[in-house]
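Notes for the one structure printed next.
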Amino acid sequence: MLHVGERAPDFTLRTADGGEVRLSDYRGRPVVLAFYPLAFTGG
Amino acid sequence: MLGISVDTFASAGAFARSLDLGFPLLGDWPQFAVSKAYGVFNEERKVNRRVTFVVDGEGVIRHVVDDPRDVERHAREALEAVRRLTAGDSST
Chain A
1 MLHVGERAPD
11 FTLRTADGGE
21 VRLSDYRGRP
31 VVLAFYPLAF
41 TGG
Chain B
101 MLGISVDTFA
111 SAGAFARSLD
121 LGFPLLGDWP
131 QFAVSKAYGV
141 FNEERKVNRR
151 VTFVVDGEGV
161 IRHVVDDPRD
171 VERHAREALE
181 AVRRLTAGDS
191 ST
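The listed protein sequences correspond, in order, to chains A and B.
The opening position of the first sequence corresponds to residue 1 in the numbering used here, with each subsequent residue numbered one higher.
The opening position of the second sequence corresponds to residue 101 in the numbering used here, with each subsequent residue numbered one higher.
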């Protein structure tokens, strides 16, 4: 797993509504990346 | 804020709507490329671990929450980290 101080790898992913988001689009402001297990499982 | 799920787009959309999230929810399914790049993919169970990264404006990871049980802690610590980053940015 990546740790504090390491560079966050850039990526492009689809949004739920069909758009695209690149991490580097957010350069200049903080970003929170929340990885989580399957939706609706709660854990 | 970005949320990354390994779920399908359809159910991720339903999930986002059910929570009325103010940020995009992204699908990393079915390749899990991003989850693997960040080292949070559980190969055995084929799901993400619950991990939150806070990335600063330069693209460097500044805070990590790795706790499978305490969901509240992820939101709390992420907010604190973003506030610290924003407060420490003299250009704004």
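For each residue, glycine too, the CB sits at the ideal point set by N, CA and C.
None of the values given here were measured: they were computed from a predicted structure.
Contacts between residue 128/B and chain A, judged by CB atoms closer than 8 Å, involve 13 in chain order.
Judged by beta-carbon spacing, residue 165/B lies within the 8 Å limit of residue 173/B, meaning their Cβ atoms are closer than that value. Taking C-beta atoms as the reference points, residue 125/B and residue 15/A count as a pair closer than 8 Å.
Here residue 34/A is buried: its Cβ has 16 or more other Cβ atoms, across all protein chains shown, within 10 Å. Residues of chain A whose Cβ lies closer than 8 Å to the Cβ of residue 178/B are, in chain order, 32, 34. Straight-line spacing of the CA atoms in residue 132/B and residue 162/B works out to 23 Å.
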